[in-house]
Amino acid sequence: MKLKPLSDRIVLEPISQEEKTKSGIVLPETVDKEKPEQGKVIAVGPGRILADGKRALMSVKVGDKVMFKKYGPDEVKVGDKEYLIVSEEDILAIIS
Amino acid sequence: MKLKPLSDRIVLEPISQEEKTKSGIVLPETVDKEKPEQGKVIAVGPGRILADGKRALMSVKVGDKVMFKKYGPDEVKVGDKEYLIVSEEDILAIIS
Amino acid sequence: MKLKPLSDRIVLEPISQEEKTKSGIVLPETVDKEKPEQGKVIAVGPGRILADGKRALMSVKVGDKVMFKKYGPDEVKVGDKEYLIVSEEDILAIIS
Amino acid sequence: MKLKPLSDRIVLEPISQEEKTKSGIVLPETVDKEKPEQGKVIAVGPGRILADGKRALMSVKVGDKVMFKKYGPDEVKVGDKEYLIVSEEDILAIIS
Amino acid sequence: MKLKPLSDRIVLEPISQEEKTKSGIVLPETVDKEKPEQGKVIAVGPGRILADGKRALMSVKVGDKVMFKKYGPDEVKVGDKEYLIVSEEDILAIIS
Amino acid sequence: MKLKPLSDRIVLEPISQEEKTKSGIVLPETVDKEKPEQGKVIAVGPGRILADGKRALMSVKVGDKVMFKKYGPDEVKVGDKEYLIVSEEDILAIIS
Amino acid sequence: MKLKPLSDRIVLEPISQEEKTKSGIVLPETVDKEKPEQGKVIAVGPGRILADGKRALMSVKVGDKVMFKKYGPDEVKVGDKEYLIVSEEDILAIIS
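Spelled out as structure tokens, the structure:
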């Protein structure tokens, strides 16, 4: 049972707060609902279609740890695991 | 009696909750009205027209099971079956 | 007395509810004011002008039965017949 | 004393209700303020400039009777005659 | 002391109501604040830059009498003369 | 200590009211908060990037006196001098 | 532990008020919440993808001191250091 995202969409497994602390990156408390979150890339779409019909190359790959920001990301459950689906433009940076 | 969608539109047969549970993908309860739904692709348009007049290739095909998200999708009845018409950009991922 | 639509506009003759039931496609009651309607194509524009000055090919032809959706379509009367003028992007599917 | 419209603008002489009835096309009463009106083309601009600097061809010519729709068209008086100035995109169809 | 407008901007000297009556074009009283006005072209910009970096040709020249429409045009004084600065898209027609 | 503006941004030194009167161009009192102001060009960006990746040529150069209009321009202080940072599109005309 | 920004995003280390005074550039008190701030470039993305699929060249490099302006920039903590993530278009000028 797998999700194959379309266009520039990316399936993310959210990283729990404990893991974030361990990695050394902590997000400050904020009233802004659009604060950045962290996730692990599970699946990557083929890229959005450009004006000439070709696809833009994707900048993340499966396994990358990323920082993303999206108001109300799409949440899905596969079995008992929760995933998020975001667009590449919602990804701020790869954490390395 | 058939529907032949235009541009990048797609005719979907919604998948009932029971089928979803069987497939192992469950959507969490949410207050967000734009939560993703699942459907089976019944018909696919020829693709939207790009700036140079050519059509963008469609990424889904008849028979695909997809996860889509759209506020107020267009609902139609053919005979006693209910279908939805969405644009390709409303489709988040193919379920495989 | 005829209407020759411009750009990607299409003149439609609305299909009455009785005809719709006969055709086997029924639209559910809904509170959404933008629910799809059905019509017969009476006249087709030459297509909208693309970025390079050429016209996009139209996907419907005179005589097609179509499903369309538009908030407040332009209504005109030729003699005692009522017509609607919509853009091609308001047409969801051809009914065949 | 003449008006030479710029870009895709068109100078129209509005057609009075009596003339409209005579022509066989009648517009229904409606609460929508943006209902289509009829006019005769008096002058036509050279066409709007496309992305590559060329001009899009105009689809109407002087003398055409057209159906147009515009909220608050620009009204001018030349001598004691009233004219309207609209963009080509406000023109729905040529009446023939 | 002169103004050299940038892009597709045009410097206009407004034409007084008396001159307008003399020319035979009169604008009706209206509650719409965006009613067309008349002006004489004093200076013309080089044209706006198109997608390919070239400039679009300007359609008006110094000395033209034009009809323009702009909400809150930019007003400047050179010495004791008042001028307006508008974009070419605010110009509806050349009066000839 | 210098500012090197990016894209089509321009660093301006505002011209005081006394200097403006001396130059013969006076701006009328107005309730419109977006009234044009005058400034001297201190630094010029390399130009904004066009669709093909090249940069649009800038139309102003260091030393030009310009008329600009911007709601809430960005104000910075270098030492005890106040500067403004605007985009080229906020510049209406060069004063010569 | 590092952040590798995507597209035209830039990771900035904010410059404290004391450092700003030392550098000779001071920002005036203002009620505008979008007032420019200063930062040091820590990491630079590969550039946004243009219409033809190529990337626009970035205009800042690691180590540059920049003036930026953004409402609600994305704030992250790496270890106990606070960083901001902005887009290149939020950067007004390089301070040299």
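Protein chains in written order, with my numbering: chain D, 1193 to 1288; chain P, 1193 to 1288; chain C, 1193 to 1288; chain Z, 1193 to 1288; chain R, 1193 to 1288; chain H, 1193 to 1288; chain U, 1193 to 1288.
Note that CB positions come from ideal geometry on N, CA and C, so glycine has one too.
What you are looking at is a predicted structure, and each value in this text was computed from that prediction instead of being measured.
Can we say the stretch 1253-1270 of chain H touches the stretch 1268-1277 of chain U, given the rule of at least three CB pairs closer than 8 Å? No: the two stretches stay apart, fewer than three of their Cβ pairs being nearer than 8 Å.
Residue 1338 of chain D - DSSP class collapsed to helix/strand/coil: Residue 1338 of chain D falls outside the range modelled here, since chain D spans only 1193 to 1288, and no answer is possible.
Contact check, residue 1206 of chain D vs residue 1237 of chain D, beta carbons under 9 Å: No, the Cβ-Cβ distance between residue 1206 of chain D and residue 1237 of chain D is not below 9 Å.
Any Cβ of chain C within less than 9 Å of the Cβ of residue 1244 of chain Z? Yes, its Cβ sits closer than 9 Å to a Cβ of chain C.
Could you please give the first and the last residue of the uninterrupted beta strand (DSSP E) stretch that includes residue 1250 of chain Z? Following the DSSP letters along the chain, one finds residue 1250 of chain Z in no beta strand (DSSP E), marked with neither H nor E.
Since I believe residue 1228 of chain P is in contact with residue 1276 of chain P (beta carbons under 8 Å), could you give me their beta-carbon distance rounded to a whole number of angstroms? Actually they do not touch by this definition, with Cβ atoms about 13 Å apart.
Around the Cβ of residue 1194 of chain Z, are there at least 16 other Cβ atoms within 10 angstroms (buried) or fewer (exposed)? Exposed is the call here.
What would DSSP say about residue 1204 of chain D, mapped onto helix, strand or coil? Three-state result, residue 1204 of chain D: strand.
To the nearest angstrom, how far is the alpha carbon of residue 1200 of chain Z from that of residue 1286 of chain Z? Approximately 16 Å, taken between the alpha carbons.
Where residue 1266 of chain R sits in the DSSP three-state scheme: Residue state for residue 1266 of chain R is assigned as strand, using DSSP reduced to three classes.
Residue burial classification, residue 1246 of chain R (beta-carbon count within 10 angstroms, cutoff 16): Residue burial is scored here from C-beta neighbours: residue 1246 of chain R has fewer than 16 other C-beta atoms within 10 angstroms and is therefore classed as exposed.
In this structure, does DSSP put residue 1238 of chain H in helix, strand or coil? In the three-state DSSP reduction, residue 1238 of chain H falls in the coil class, being neither helix nor strand.
Is residue 1199 of chain R close to chain H, meaning its C-beta is less than 9 Å from at least one C-beta of that chain? Chain H, which has a Cβ nearer than 9 Å to the Cβ of residue 1199 of chain R, makes this yes.
Would you say residue 1257 of chain H faces chain U, with C-beta separation under 9 Å as the test? Not a single C-beta of chain U is nearer than 9 Å to the C-beta of residue 1257 of chain H.
Would you mind sorting residue 1198 of chain P into buried or exposed? The rule is 16 or more other CB atoms within 10 Å of its CB. So residue 1198 of chain P ends up on the buried side.
For residue 1254 of chain U, count the other beta carbons within 10 Å of its own beta carbon; 16 or more makes it buried, fewer makes it exposed. Which is it? Per the 10 Å Cβ criterion, exposed.
Ordered along the chain, which non-local residues of its own chain (more than five positions away) have a Cβ less than 6 Å from that of residue 1240 of chain R? Taken in chain order, the residues that qualify are 1199, 1200 and 1248.
Within the 9 Å Cβ cut-off, does residue 1265 of chain Z reach chain C? It does not: the Cβ of residue 1265 of chain Z has no partner Cβ on chain C nearer than 9 Å.
I need the DSSP call for residue 1195 of chain C, collapsed to helix, strand or coil. Strand, per DSSP.
With distances taken between CB atoms, is the gap from residue 1202 of chain U to residue 1278 of chain U smaller than 9 Å? With contacts defined as CB atoms closer than 9 Å, residue 1202 of chain U and residue 1278 of chain U qualify as a contacting pair.
From residue 1234 of chain D to residue 1250 of chain U, what does the alpha carbon distance come to, in whole angstroms? Here the C-alpha atom of residue 1234 of chain D lies approximately 29 Å from the C-alpha atom of residue 1250 of chain U.
Given that residue 1253 of chain U touches chain H, what residues does it touch there, using C-beta distances under 9 Å? Within chain H, no residue comes near residue 1253 of chain U; the closest Cβ sits about 12 Å away, beyond 9 Å.
Contact with chain D by residue 1207 of chain P, beta-carbon distance below 9 Å: Closer than 9 Å: no.
Beta strand (DSSP E) segment containing residue 1257 of chain C, residue limits: Segment 1257-1260, the beta strand (DSSP E) holding residue 1257 of chain C.
Cα-Cα separation, residue 1280 of chain H to residue 1259 of chain D: Just so you know, the alpha carbons of residue 1280 of chain H and residue 1259 of chain D end up roughly 34 Å apart.
With H, G and I counted as helix, E and B as strand and the rest as coil, what does DSSP make of residue 1245 of chain H? Note: residue 1245 of chain H maps to coil in three-state DSSP.
Residue 1244 of chain H burial status per 10 Å Cβ neighbour count (16 or more: buried): Answer is exposed; the Cβ neighbour count stays below 16.
Which bits of chain Z does residue 1228 of chain R rub up against, with CB to CB less than 7 Å? In chain order: 1266 and 1268.
Residues in the same chain with beta-carbon distance under 7 Å from residue 1282 of chain C, minus the five sequence neighbours each way, listed in chain order, please. For residue 1282 of chain C, same chain residues with a beta-carbon under 7 Å away, outside a window of 5 residues either side, are 1260, 1261 and 1262 in chain order.
So residue 1194 of chain H contacts chain U; which residues on that side make the cut at Cβ distance below 8 Å? Within chain U, the residues near residue 1194 of chain H are 1287 and 1288.
Alpha-carbon to alpha-carbon, residue 1252 of chain P and residue 1242 of chain R: So the two alpha carbons sit approximately 36 Å from each other.
Cβ-Cβ distance between residue 1208 of chain Z and residue 1257 of chain Z below 9 Å: In this structure, residue 1208 of chain Z keeps its C-beta atom at 9 Å or more from the C-beta atom of residue 1257 of chain Z.
Give me whichever residues DSSP pairs with residue 1227 of chain P in a beta bridge. Assignment of beta-bridge partners to residue 1227 of chain P by DSSP yields no partner.
Whole angstroms are fine: how far does the CA of residue 1196 of chain R sit from the CA of residue 1204 of chain H? Cα to Cα, residue 1204 of chain H sits roughly 18 Å from residue 1196 of chain R.
Compile a chain-ordered list of the residues in the stretch 1274-1286 of chain Z whose CB is closer than 8 Å to at least one CB of chain C. Answer in chain order: 1280, 1281, 1283, 1284, 1285 and 1286.
Who are the neighbours of residue 1248 of chain Z on chain C, taking C-beta pairs under 9 Å? Using a Cβ-Cβ cut-off of 9 Å, residue 1248 of chain Z is close to 1241 and 1245 of chain C, given in chain order.
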